[in-house]
Each structure stands twice: as C-alpha cells, then as structure tokens.
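In UniProt numbering, the protein residues as written are 1 to 1032.
Just so you know, even glycine gets a beta-carbon here, dropped at the ideal spot from N, CA and C.
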Amino acid sequence: MNDGDEQEIQKSLIKNGLQKQLDEFQMLSAIFCNSGELQVDDYSCIDNLNGYINDEIDRLNTKLDYRFDLPLLPDQKVQILVELPHLYPALELPRIVIRSSVIPRDQERMLTAKIEQYIEEEVVEREEPYVFQVVGWIQDNFTELLQMTGEKKDQQTAPIKRSATGSEPIVFERLWIYSHHLKSKTKRQTIIKTARDLHLSGFSRPGKPAIICVEGPQTDTREFWRTIKPLKWQKIQIKFNETEPVNGENEMAALRHFEAGFREELFCEMDEDSDTEDQPMSMGLFMKFLEKHGCGYIKKELFGFQNSNESPTSYGSNSGYKQQQKVAIGDQDGVLQVFSMKKDELQVHFKTLPNEKIASVKLGGQSGSVADKIFTASENKVRGFNKKGKLFLAFETSLTETIRSMCVSGNDLLVCGNHVYNHYRDCKEVGSYLCGDVIVDVAALCPNNTSRLITVLACSGRVLRILEHARVRQTLELESVPTVLYVPKGIGDRILCGFSDGSVILFHLNLLSTEVKREVLVADREGEGILSAVTCIATYDLSADGKEELIVGRRDGTLQVFAMNSDEYQFEMECTQIYRENFNESISALQGGCVGATNYTEVVVCTYSGRIFGLTTQCISKSLGDNGTRSEKIAGTPIDSSAKLQRIRAEIYELEQTIAKERERYQLSTQALSSGLSAIPMLPINDSFVLSKEDATFLLSLEIPTPIEHVLLQCDAPITLLDVEKNTAVVSFSECDKLSGNSLLASYRCQLNTNRIDLKFRTIEGQTGTLQVYITPNLQPKCCQLKRYPIKPLSLHMIVHNATDEMLARPMNTLTLKGPFSQAEMHNWMINSIPELPEKLYESGKVQYTFKHVFIGTMLICEYGKGEATFRSDNISTISILKDFITKEATKKRIKLEISTSINESTIPSLIKLIEPMILHYNKLTKDYQLAQALLDLDIRDDEEFNTLSEEYRSLIRNQQAIGTEFRKQPTILNRIYGILTDLYIDKFKFKGVNVKTKLPQLIELLENYSYDELVQFYSVVKAGDENTGDV
C-alpha cells in the first residue's frame, strides 16, 4: 500500500468519525433543548467540519467542543465540558471534564479520572458515539461521585500537610505567562478559578496580547501551568520565571508582590459603548501598575523595555548611543537645512537657498563607512552636500520625467520618475527600465559579502518588481497598492513594505532562487476600524535592548510604534503595539535617533504642513518638578526650564509682530491707488483617491499646508456621500437643476484650523462622469483650487493577479469587438472605463487583464490587441456597460466596430448564488432592525413584561445595540444589492431587444421575500406582451 492509499484511508476514517459526531450533537440538541442546557462557543467549527466532510476544504481548523449546563447541585448549575478528537468514537476517547464554582480543582481532577475509568470499563461498543451515555451516567451518579472523590481528597491532603511541616524547603515561584490573545470567557473563568483554588496571587490581562502572572509555592504554580496550557491557544509561553527557597509562609508572604490575591485587570482606556477586552492595552496604565507592585524590572523581559528607574549612565552605556545627532530636512521650496539641538535650543548648521521642489532626501557614503553625505532630488537633478553644507555633486540625470523617488547605496544611485527607472554608478548610467505602472518607491538590497545590487520597485499596479542589472527577475503580486519601501540596516535580503490598506508586510527574498516568504506584521485589527495608508516606515532601537522597534506613519496623522519580539527579522514575529497617537496631519517622514538629549532616543516626525517635532524616551516627569523647575539634574538637559519658556514666549511675540507688519504692508499694497498687484497663492494639495475593497466605497483625502475654509463638490454622475467619523466639517447640499447636468452639489464648511478633510462616497457602475472638488484655503485674497477625479463606468472593479481556477471556471458571457483600431486606442478606452490599468502599454501582441467586482465578487477578463478585443464576465451588466462605453468612444473617432455577444443563461443562477448570502443577511438585518425599533417603542419596564415576549423578541431587545450599529454602518446596502439585480434583469433582456421595466416592481417584491428558485425562474421568463423594442 502506498502513501496515497494510507492518506485516503485516514481521511475516510476522520470523515466517518466527524459525521457521527455531528449526528450525535444534533441528537443531543433535541434532547437538551431548554435554554442554555447545551451550548457551543463557536458555531464556525460545525461549518468547518461539514466543509471537510463534503470535500469543500482540505484542512480541519478545529475540533468539536460543547458544554452542558445542568442543575446537578441544589441551586447551582454544573458545567460538563466535552471536547471530541477527530477520530472519536472509533479510535480516540473524548475529553469530558466537570466544572463548578463550588467544587475544588483537585476534586474536579478526580471526577475527570472517574469519568475516564467509566469509559474504559463500562463503554463496550465504541464504534458508535457514547457522550450521551456518559452524561446520563454522570446525572444519575453525581452525588455518589462527589462523596467518593471528596473522601479521597481528604485522605490525600493529610500526608501533604505533614510533609509541609517537615524539613524540606518550600520554593516560592513567580511565573510571567505571555499569550497571543485571550478573549474566551470560559478560559478567563478557568484561569481565575484555578488560581484562586490554588491560593495563588497575581493578575491576568485578557485581550491581545494576554499577560498572566501567578505567584506562590512552586508546586501550585506548576499545577496552574499544567491546567491552563492544554486549553486551546494560538500561542502561549512562560516568558520569565522567578524562584527563591523560603522557610515558611511568612517569608513567602514577604516575597509576594500582589497581596490582594488573584484578579483580572484590563489596563485600557474605557469607552462607554465598547467591550474592554477588545480595546488595545494602554502601555501607560500597565507600566504604572507594574511600578506600583514593584515589578518594573519585568518590562524588559515582556516587551523589551528598559526600566525607567535605571540611571542615565547605565542606559547610555547599554545602548551604545553616542552624542546627539543632526537632522537634515528638504522642503517644497527647494530649501535643504541641517539642524541640531543644544541645551534645548535649535541650532541651524546650514541652509540652502530656495530652488526646485525637493522630492527626496537620502543619506549616503562609501560602503562600510558612516553615511554622512546628504543627497537631494529636484526635478531631474541630484545634488550632494557634505555635513558642513558644501556642494560636492550637481548631477543632471537623463530622466525626462521629474524624479519621484531615489535610493543611494555606496557608489550606486537609483532614481525613478513615474514610469522610468535609471541606475547610475559613479554618475554613469549602467541600466534603465521602462514600467507600465506608476513607480511609487524604490529600494536597494545589497546581499551580505557580495557585490550584487538587487533593486525593488513598488508599483501602483499592486506588484513589487525585483530587478537585477535593470532586468526584471521576479514579480510579486500583492493584495493592495504599495506605498513605501524600507530596508532595515545591515539586512541584505529582507524588506518592509507599507500599503494603502494600512498593512505592513515583511518580505524575505531568497536571492539564489525565486522563493519569497512574506509575513504580515501590521494589519487591520478588530475594533480599530479601517487603517489609513502607510506613508513612511522606519526601524530603530528605541529601548536599547538590541532589538529594533518598528515605527509606522500614516496618511491620517497616526503614528504607531511596535515592539518586534524576534531577532534579526525572523519570521513568526509577534508585533506588539506599544505606542499610538494621532497628530491630525499626514506624516511625511519619520526617523529614529538621538537628537534632543544625549543618550535618550526619540522619533523625529515631519508632517505635510511642515511641522517637525520629536517624541522622546526621556521621562519628562522625572525632569520637571511640579513648580516648573528641574527636580533633578540630567545629563544633556538644562537646569532651569523657566528660561526656555521665556525664550519661547519671546520668539512667539517676535513672530506675531512680523506677521502684523507683513499684513499691514500687504493691505497697503492692494489699495486702489497702489501700483502693487494682488498675488494668488498656489498651495500644493496632498490628495488621495482610492477604492476601499472592504465596503466598496471611495475614500478621498485632501490636505493643504494652511487651514481649509470650505470644500465644494460638484459631480455630473450620481454618487452618494457617506459619513466619516473623523470628519468634523458641516455639510450642506444644494438642489441640482436637471438641465445643468449636475447630479451632486455639496459643500463642507471646515472647523477652525482644519487643514485636512476626509470624504467618503459610493458610485453606481454604468454611471460615468467627473467629480470636481474646489478647495478654498483660509487666506486672503480669496481663491480656490480645483481638483478633478474621473468616475469610470466600471468604477467598482479592481485588478486581480492571482485569480483561482474556481473563479475562472465560472460560466461566462462574452463580448467580442473587431475593427480598424490599434492596441493603443483600445488600451486608452479601457483606461477610461476601468481603474488600476497601467497608464502605458509597452508589450507587443495581445495583453490580458483580470478584474474583480469588489462588492459582489464577479469577474471580468479582458484580452485585446490590434483590431480585436474579447471580454468575458459572469455578470451581464458588466458586458453591457463595456459595450455601451466602447461603442460610444469608437463613434467619436468614427471607427466602425463589428460587435458580437454571447449571453450564457447559466450566469444568472451563478451570480444570484454568489450574492445570496448578502441578500439573506441584509434582509434579515433590515427586518431585525425594524422589529427591534418597534419593540423599544413598547417601553418594557420590568422583567415580568420582558418574559411575556417570545425568545426571538427577547433576543432582539438584548442585541438591539449591535443590530443598530451594523445597520447604521450600511443603511442603504440592501437597496444597493436590489439595484444591481434590477440592472442585471434589464441588461439581460436588453440584449434580446425586450423592455422589461414594467416588471421591476414584481422583482423588488421577490427580492424582499427572497426565494432562490423563484428568483431564477423570474429571470428566465418574460411574457410576449411585454416585448417592446423601442427602448433597446
């Protein structure tokens, strides 16, 4: 028998066992049918088992476990926990455990042993499930079992007590346990009950990450670890343990840091309507708690922090940090300046004259030496300055585009425009590459002990292109658009990449093959909402423990610091967020270093409006007293803070006077008799227009360096504006005149000192137009700047690089176009009809792209070349929209097209089945929301009235807050689904030359009372009397 046969037999045995488990669970559900008697924590495990049995999935993610809550004691329910292995009942035994708050842990273990003994001796037929038999035996004999195990416990405790009074020393132990997360209420109750039963002191922190500390006799702490470790954890480990021999209870009590016993602590900033265990842990509260209980030393072991009570001298010597560093900054006026801090005063070392806008600033130097040369990129020129400000390089590249990104590595200079990449060595071009996508960023990898240079290009088409000798050696397809690349120092084969969806991924490139490993370090976490795009990444050893922290800056002004619990960027890392703050301006750049004070690291941050500030690791509360004076002299900091405050006040007064004089001079220059001219300021706009695949909406972010007074929106395509939580602007709508062609006129009046605004809106596929945004800054004279954003016909489609065979095997409708058009003309039509296509096409012959509808998941496959184009989709509406748009564009150019369509009737049931879960879910959600609102109007005041309601209505009242929250997030999503299905109905019969608009009310009624078979039947039948070719 070969390995394949053995695997098939094993799989067959597992399937057989799982089917019997599910059948038994169904039988138990019918027997224990009272409320709360039989419960399952996670019903997704049943779906997982069914999927494995039906060959829908290849891997089992969980086991079937459930619990009984039975009244086996007077006025007290007892839990019977059941966990079934995959080969139960034939080859493996179930794990059945009894839990109760009144039964000691030792006695529970004896009861478990009795149950195992009963199964071994009394259960003869193990081919069939027998959980019901065991549970019945427990119900019948529970009182006798308690008495028997209670007597054994009393007999066993006597010799233990005697040995405790003997000469053997007792060992005190404190365990620090770290887990990936802890949210299950059952686990939390088990942890608390076990610790208290064993008379251990300490605390547990549920959430992500989870931290547990227990202290007491070593025999009991080890028993605690043996009890909780077998529970299902994603990851759990003892991070640190402390032991010390003691001679008695008095010495042990003196060693305990948590005298109050064992408690659950949350360490989070609580909101009124939030679950505290889902909130991120507040590091500040946790540190204070540790300091209060004398455990500050453990921070380094848990998170890599240094203790704030350590002396500055030891902190500096351990970290290896030297003197304060200088900061180089380039701005949009073309000015490069280098400054440092000395005694809390800003010292500018040099500052260049204004020139072309600086797009990039990089440090460089000879390989193996200190990077003390500053390189700037402006337009198509690269300039180099030494640390004293002397210009040593003025190099004009051969790029015809403006430089957008640059990388300097030893003698190699890499520069990129929108589509062109050039590689220079010693200012001589050694290679170039022409890219169809827009190049977002560039980075260089230098493998250790080699002279190779690997270039990584981040491209807007959601790919990373890896080049060597200016040739693409590999293309990595991504789920989102990359925004920034970062190579940690000293690492030659790993690169960090930030994305527009807010995630950060670590790529490990095997430079001897095409193998690439990737690990998500930062992703969207539950309870935090959708993350903003990453704008910059840096790593730096902020805590002086030899491990670098990950620093992430985002477009919405959020800055995060993560502790990476792994050495040398190994995989399976635990990234723990240790700092998060929002500064309300997009972060343009950030860097870790030592700037403000010697031996104290900090993060220097630069925002879009030009603000530069530092976040220091220096303990400010230790530096300043309550009266504003220095309470303790610290190296590298001034003795008296009052002088610094006085200097700041004087500087502010000076600036106010200068502004007043300039304003007065400007007013005089604009008088009627003056020869001066009023100049309109041209402000750079930092904008972002992206499609969010999570909710199929567009996010428009606008930011200018000065405060915004108001923003006007005008669009000739129907779009729906949605609320944004962070948006404080007041919105007002104007009625649109149909003859003017406007579908939307809206204005946002911004609050004072708002220089950034986020807008969110929804489009309708098939409707095309232009969104025009007029941004008016709060400046004199009044002016506004205009930005235009195209709304494309297939606006909700995004490109897919790795379409599965299952997706491509769906039934498809086909549109074929033939005519005297070039490939470039067809590509231009496609760019104007669908997002994310590369702007330029450099390939010869036919090209193929695959797209996916982000809302309903339908596919579109486009293949076109000179004179012929073929489009395939499982959505008839997509084919219809493309046909109408391309025909219109070809008519403008007087190109005659030969059009043929093939409509596959089976695509209708396939599409309905695809979105059926959404229809059912949102139909139910809408009805539940309406019912819950009606039930709240009843004004039920006491439990007696509440209990008169049915269980369904009681459940709706209990969950009305969650139902309302979900409904308010997408109040019109059901109408959106109905709109897609009505368009599908109209488009299907439009291809047949039939007008069916009069039957739409019947379709809406069918959707509200959804039935798959009736809906499919409705799409396939049309009465002859409804035929009317006039509107085709």
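Using DSSP's beta-bridge definition, name the partner residues of Trp176. Cys213, Phe240
I'd like to know if the segment 540-547 and the segment 178-191 are in contact, where contact means that at least 3 CB-CB pairs between them fall below 8 Å. no
Which word fits Asp874, buried or exposed, when buried means at least 16 other C-beta atoms lie within 10 angstroms of its C-beta? Counting of Cβ neighbours within 10 angstroms places Asp874 among the buried residues, the total reaching 16 or more.
Verify whether the separation of the beta carbon atoms of Ile912 and Tyr1010 is less than 7 Å. Taking the C-beta atoms as reference points, Tyr1010 is found no nearer than 7 Å to Ile912.
Would you say the beta carbon of Ser902 is closer than 6 Å to some non-hydrogen atom of the ligand PLP? Ligands in the displayed structure: none, and consequently the ligand PLP is not present.
Could you give the DSSP three-state label for Thr227: helix, strand or coil? Assigned with DSSP and collapsed to three states, Thr227 falls in helix.
Spatial neighbours of Gly202 in its chain, beta-carbon cut-off 6 Å, leaving aside the 5 residues before and after: Cys213, Val214, Glu215, Phe258, Phe262
Once DSSP output is grouped into helix, strand and coil, what is the label at Ile886? helix
If you draw a straight line from the C-alpha of Gln961 to the C-alpha of Ser184, how long is it? 21 Å
Ile31 in three-state terms, based on DSSP: helix
Return helix, strand or coil for residue 1052, following the three-state DSSP convention. The structure shown has nothing for residue 1052, since the chain only spans 1 to 1032.
Nearest by alpha-carbon distance to Gln785: which of Ser732, Glu709, Ala746 is it? Glu709
Close-in-space but distant-in-sequence residues of the same chain around Thr697 (CB under 7 Å, 5 per side omitted): Leu722, Lys760, Phe761, Arg762
If I measure Cβ to Cβ from Val348 and keep anything under 7 Å in the same chain, skipping five residues before and after, which residues do I get? Correct list, in chain order: Gln337, Phe339.
From the DSSP output, which residues share a beta bridge with Asn582? DSSP, once it has assigned bridges, lists Thr558 as partnering Asn582.
Excluding the 5 residues flanking Glu839 on each side, which residues of the same chain have their C-beta closer than 6 Å to its C-beta? none
On a CA-only basis, which of Ala523, Asp939, Ser688, Gln234 is nearest Ile704? Give me that one, please. Ser688
Since Phe761 is in the beta strand (DSSP E), which residue starts that stretch and which ends it? 756-762
My assumption, with CB atoms under 8 Å, is that Val134 sits in contact with Ile103. Please give the rounded CB distance. The pair is not a contact, with the Cβ atoms about 18 Å apart (cut-off 8 Å).
Would Ala470 and Val456 qualify as a contact pair, given that the criterion is a beta-carbon distance under 7 Å? no
Are the segment 864-874 and the segment 842-849 in contact at 8 Å, needing three or more beta carbon pairs? yes
Check for me: the alpha helix (DSSP H) holding Tyr1010 runs from which residue to which? Here Tyr1010 belongs to no alpha helix (DSSP H), and DSSP marks it neither H nor E.
Helix, strand or coil at Met830 according to DSSP, with G and I counted as helix: Secondary structure at Met830: helix, using DSSP grouped into helix, strand and coil.
Can you give the beta carbon distance from Lys792 to Asp344, rounded, assuming they're within the 8 Å contact cut? Between Asp344 and Lys792 the Cβ distance is about 53 Å, and since that is not below 8 Å, they are no contact.
Residue nearest to Arg109 in terms of C-alpha spacing, selected from Lys15, Thr227, Ile138, Glu83: Nearest in C-alpha terms to Arg109, of all of Lys15, Thr227, Ile138, Glu83, is Thr227.
Note down, in chain order, each residue of its chain lying with its Cβ closer than 8 Å to the Cβ of Glu24, except the 5 sequence neighbours on either side. Pro129, Val131, Phe132
Going by DSSP, what residue range makes up the beta strand (DSSP E) through Arg788? 785-791
Exposed or buried, what is Pro217 when buried is set at 16 or more other beta-carbons lying within 10 Å of its beta-carbon? buried
Option nearest Glu519 by Cα separation, candidates Cys575, Lys63, Ser513: Cys575
Should Val730 be labelled buried (16 or more other beta-carbon atoms within 10 Å of its own) or exposed? exposed
Here's the rule I'm using: 16 or more other beta-carbon atoms within 10 Å means buried, otherwise exposed. How should Gly17 be labelled? buried
Distance, Cα to Cα, Pro447 vs Leu512? In a straight line, the C-alpha of Pro447 is about 11 Å away from that of Leu512.
Beta-bridge pairing of Arg958 - partner residues as DSSP gives them: DSSP lists no partner for Arg958.
Check whether the Cβ atoms of Thr607 and Glu585 lie closer than 7 Å to each other. Their beta carbons are under 7 Å apart, which means Thr607 touches Glu585 by this criterion.
My guess is that Cys407 and Ile439 are in contact by the Cβ rule of under 8 Å, so how many angstroms apart are they, rounded? Actually they do not touch by this definition, with Cβ atoms about 12 Å apart.
Best match in Met27, Leu64, Gly51, Leu28 for proximity to Asp41 [C-alpha to C-alpha]: Leu64
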